[in-house]
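Participant: Quick one: structure below, then a few questions.
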Amino acid sequence: MRHPSTGTGSYQLDDFDRQIVESTRILLQQLVRSGRAQPAQLVSIAKALHAFERLPRPSAVQTVSITVTGPTRRHGDIETYFYWEIALNEGAIEVGSGGYYDAPPAGGDSFTIFHWSAAPGRNHAAYLDYTSQLSMVPDLVDYHEAVARIDFQQPGYSVEVHDPDNVLLDERDNDTGEESLTVGDADGAAPNDDDGMPAAWDVIATGEAEIALLNEIALFEVDRYEAQFADGMDDCGECGCALADRGIAIDGRLRDSFMWGNFCAACYARVGSGIGVGHGQVYARQPNGDWRQIAGFSEPDEFS
Numbered sequence: 178m179r180h181p182s183t184g185t186g187s188y189q190l191d192d193f194d195r196q197i198v199e200s201t202r203i204l205l206q207q208l209v210r211s212g213r214a215q216p217a218q219l220v221s222i223a224k225a226l227h228a229f230e231r232l233p234r235p236s237a238v239q240t241v242s243i244t245v246t247g248p249t250r251r252h253g254d255i256e257t258y259f260y261w262e263i264a265l266n267e268g269a270i271e272v273g274s275g276g277y278y279d280a281p282p283a284g285g286d287s288f289t290i291f292h293w294s295a296a297p298g299r300n301h302a303a304y305l306d307y308t309s310q311l312s313m314v315p316d317l318v319d320y321h322e323a324v325a326r327i328d329f330q331q332p333g334y335s336v337e338v339h340d341p342d343n344v345l346l347d348e349r350d351n352d353t354g355e356e357s358l359t360v361g362d363a364d365g366a367a368p369n370d371d372d373g374m375p376a377a378w379d380v381i382a383t384g385e386a387e388i389a390l391l392n393e394i395a396l397f398e399v400d401r402y403e404a405q406f407a408d409g410m411d412d413c414g415e416c417g418c419a420l421a422d423r424g425i426a427i428d429g430r431l432r433d434s435f436m437w438g439n440f441c442a443a444c445y446a447r448v449g450s451g452i453g454v455g456h457g458q459v460y461a462r463q464p465n466g467d468w469r470q471i472a473g474f475s476e477p478d479e480f481s
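Quick note on this note's numbering: the sequence shown kicks off at 178 and runs consecutively.
This is the structure in structure tokens:
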């Protein structure tokens, strides 16, 4: 996603914009106090909070993005989760929200709720609202109410931080990442077919990029989850290749952006934000042409 030109001077914010800023500041403060973030992440979160507390004055913060992903909620057969992202990039500030919606048998898809951006020197902030297109999503509320409902003491929340100027993020031990922030029954039985055996599935890698991605995926965990399938896996949103000619495709989010799309493995390795809730789901093409999910699963909220 192309960021607005940053210009110089103060941010031009009206009452609506200031409400967005205030709710974001509250979200960042809650995150700092929650204990959810690792110490290295807190360094970058504090930088973002500093930038929002200075508004409408600019700050020296360069590039930071923070994604908070909420727990999966069940509404009958429907499952949803929401995420909130805050990004700063050389003066441009963005706030947005989205989520994922799964309603069997139709399948699941990602969605964007809103996107707000501002930059010093611009006459006004930009705001895009997609809620009128999301009537099928249960429990959908505006940003301010969503922030008020966030309870970091409940299980299922995760935090991801990107900050190229924070070298501490690279020093975190592998066992202190987001794995500890997910919930679910690690000993859960695999979904069964009519014969009481786990339903069969295939993964056929078609190139080096797909093989590299498979090496990062715990395929032995696939049978823990009920089979999920994706529709509309037609062309890669980056290079335009036909995904029907690939063995793996990703429904994922662009790095440092709120935009989602379908991608081949090679392109997603370059432009994607990663694999997991709020980032990307990996699908393997089955012999019958279906796309079955093999990674990026969400864990059910144990309080749902």
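For every residue, glycine included, the Cβ atom is placed at its ideal position computed from N, Cα and C.
Could you check which residue in Phe440, Phe406 and Asp428 has the C-alpha nearest to that of alanine 419?
Facilitator: Along the sequence shown, read from residue 1 onward, the residue named residue 419 stands at position 242. Comparing Cα-Cα distances from alanine 419 to each of Phe440, Phe406 and Asp428, the minimum goes to Phe440.
Participant: Excluding five sequence neighbours on each side, which residues of the same chain lie with their C-beta closer than 6 Å to the C-beta of proline 156?
Facilitator: Beyond the ends of the chain as shown, which are 178 and 481, falls residue 156; an answer cannot be given.
Participant: With DSSP as the reference, label serine 450 as helix, strand or coil.
Facilitator: In the sequence shown, the residue the question calls residue 450 occupies position 273. In this structure, serine 450 counts as coil in the three-state DSSP scheme.
Participant: Alpha carbons only, please: which of Ile427, Gly453, Asp408 and Gly429 is nearest the one belonging to glycine 466?
Facilitator: Numbered from its first residue, the sequence shown carries residue 466 at position 289. Glycine 466 has its Cα closest to that of Asp408, out of Ile427, Gly453, Asp408 and Gly429.
Participant: Can you grab the Cα-Cα spacing for the pair alanine 421 / alanine 389, in whole Å?
Facilitator: Here the question's residue 421 lines up with position 244 in the sequence shown. Here the question's residue 389 lines up with position 212 in the sequence shown. Cα-Cα distance, rounded: 19 Å.
Participant: Please go through the stretch 285-356 and give each complete alpha helix (DSSP H) segment of 4 or more residues, from N-terminal end onward.
Facilitator: 320-326
Participant: Tell me the DSSP bridge mates of phenylalanine 406?
Facilitator: Numbered from 1 along the sequence shown, position 229 holds the residue referred to as residue 406. Looking at the DSSP output, phenylalanine 406 bridges to Arg469.
Participant: Does the pairing of the stretch 239-251 with the stretch 190-199 give three or more beta-carbon distances under 8 Å?
Facilitator: The count of Cβ pairs closer than 8 Å, one atom from the stretch 239-251 and one from the stretch 190-199, stays below three, leaving the stretches out of contact.
Participant: Mind the definition here: the stretch 252-271 touches the stretch 425-436 only if three or more C-beta pairs lie below 8 Å; say whether that holds.
Facilitator: yes
Participant: Does DSSP put valine 241 in a helix, a strand or coil?
Facilitator: One-based indexing of the sequence shown puts residue 241 at position 64. Valine 241 falls in the strand class under three-state DSSP.
Participant: Expressed to the nearest angstrom, what Euclidean distance is found between the alpha-carbon atoms of leucine 204 and serine 274?
Facilitator: Sequence index remark: in the sequence shown, residue 204 carries index 27 (1-based). Sequence index remark: in the sequence shown, residue 274 carries index 97 (1-based). Going from the Cα of leucine 204 to the Cα of serine 274 covers about 13 Å.
Participant: Closer than 6 Å by C-beta to glutamate 271: which residues in its own chain qualify, once you throw out the five before and the five after it? Chain order, please.
Facilitator: Here residue 271 corresponds to residue number 94 of the sequence shown, with the count starting at 1. Contacts found: Ala264 and Ser294.
Participant: Using the rule of at least 16 other Cβ atoms within 10 Å of the residue's Cβ for burial, across every protein chain shown, is glycine 473 buried or exposed?
Facilitator: Taking the first residue of the sequence shown as position 1, residue 473 is located at position 296. The residue is buried, with at least 16 neighbouring Cβ atoms inside 10 Å.
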